[in-house]
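Just below is one structure, and these are the notes that go with it.
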Amino acid sequence: MTHPSHPPTDPLARIFAYRTIDLRDRFPQPLESFREALECLQSDRSYMAAMSGEIIAYLRGGYSLTIPDDFFIRRSGEINATLVPPDENDEVCAKVQAWLREKLTRPDIDTTKAVPAEERPYSLDQLLAQCDPQAPHPEELQAWQDMPDVGREILEAPTETDIWQAAERLFESRDGAERWMTSPAIALGGRTPVDVMVEDPQLVYDLIMRLEYGVYT
């Protein structure tokens with residue numbers, strides 16, 4: 010008796026959507042392809058994508074698989090990083106598809122339950138780990154330092170209101186600011202910014218300024 014044959018199923022069929030994540034979480038919408046997700050990171054809308062960009066593949070059944078950023082981020086040294094240029098997208102997409110197919114056919118595939126966007130922490134650990142509180146100020150902050158006292162008052166004695174406003178500006182929302190302010194920060198010795206703010210508001214304010222202006226060393 011001959012049994013009907015079934016065509017092999019492409020492992021990529023297990024993926025139903027991709028998601029792009031940058032520091033300010035500007036791409037909450039699901040995307041149909043890895044290429045679309047990569048193009049989001051490469052767009053002018055993304056924020057510090059080379060330092061915080063992630064692309065996640067969502068699998069049927071409620072699981073997810075994070076695509077290694079080595080495929081689309083080029084690093085030289087500990088802190089210098091750039092996204093691959095768009096003219097390399099074909100090559101990058103081919104490599105990622107091959108990696109996904111191999112990964113999804115393995116019995117020991119390491120997947121995790123997908124985390125709702127509202128529960129995801131912002132991708133700050135990598136940035137904060139590289140943040141040196143003693144690093145020179147960027148040009149914008151140095152200009153403040155060179156101004157008369159009244160002009161740089163907020164840098165010398167930031168209030169809690171100043172800090173919260175700066176955090177909301179960085180994360181573009183009150184909710185994002187609250188998540189960061191109440192999460193342990195590596196650059197603050199594992200303490201939360203809201204706790205450190207009571208003892209040393211300047212330290213927290215300076216940290217926010219460094220993140221906003223892209224100073225990591």
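The sequence shown finishes on residue 226 if you use this note's numbering, and the numbering steps up by one all the way, no holes. Glycine included, each C-beta is placed from N, C-alpha and C at the ideal position.
Residue i, DSSP secondary structure in three states
{"i": "R200", "result": "coil"}
{"i": "T170", "result": "helix"}
{"i": "D158", "result": "With a pLDDT of only 46 at D158, under 50, the local geometry of the prediction cannot be trusted, and the value read off the model is given with reservation. D158 falls in the helix class under three-state DSSP."}
{"i": "E127", "result": "Low confidence applies here, because E127 scores a pLDDT of 43, under 50, leaving its location unreliable; read the following figure in that light. It is helical."}
{"i": "W153", "result": "Low local confidence applies: a pLDDT of 48 at W153 is under 50, so the model's placement there is unreliable, and no value is given."}
Top-ranked residue by Cα proximity to residue i, from the options
{"i": "W75", "options": "N89, N98, Q174, V105", "result": "A quick correction: the sequence has Thr, not Trp, at residue 75. Among N89, N98, Q174, V105, the Cα nearest to that of T75 is on V105."}
{"i": "G62", "options": "P202, R28, E181", "result": "R28"}
{"i": "W108", "options": "D78, N89, P39, A176", "result": "D78"}
{"i": "Q51", "options": "P39, P94, W189, P20", "result": "P94"}
{"i": "R188", "options": "E48, D34, V101", "result": "D34"}
{"i": "P167", "options": "E100, S182, D209, T201", "result": "D209"}
{"i": "P39", "options": "Q211, I195, I64", "result": "I64"}
{"i": "N98", "options": "L21, V203, D204, S42", "result": "S42"}
{"i": "L216", "options": "L197, D204, V207", "result": "L197"}
{"i": "P116", "options": "V213, R183, P20, R44", "result": "P20"}
{"i": "Q211", "options": "A46, M60, V101, I172", "result": "I172"}
{"i": "T114", "options": "Y214, I24, R219", "result": "I24"}
{"i": "E48", "options": "A176, L92, P202, P193", "result": "L92"}
{"i": "Y56", "options": "K112, A22, E181", "result": "E181"}
{"i": "F80", "options": "V101, A175, N89, A66", "result": "V101"}
{"i": "L32", "options": "A58, Y67, I195", "result": "A58"}
{"i": "D96", "options": "R44, E111, R54, Y67", "result": "R44"}
DSSP bridge partner residues for residue i (one or two, in chain order)
{"i": "R35", "result": "DSSP lists no partner for R35."}
{"i": "T29", "result": "I64"}
Which residue spans inside the segment 43-76 form an unbroken alpha helix (DSSP H) run of at least 4? 43-51, 58-61, all fully within the segment 43-76.
Pairing CB atoms from the segment 84-104 with CB atoms from the segment 64-74, are three or more of them under 8 Å? Cβ pair count under 8 Å is below three, so no.
For a minimum of 4 consecutive residues, which ranges assigned as the alpha helix (DSSP H) are wholly contained in the segment 89-114? DSSP runs (the alpha helix (DSSP H)) wholly in the segment 89-114: 98-113.
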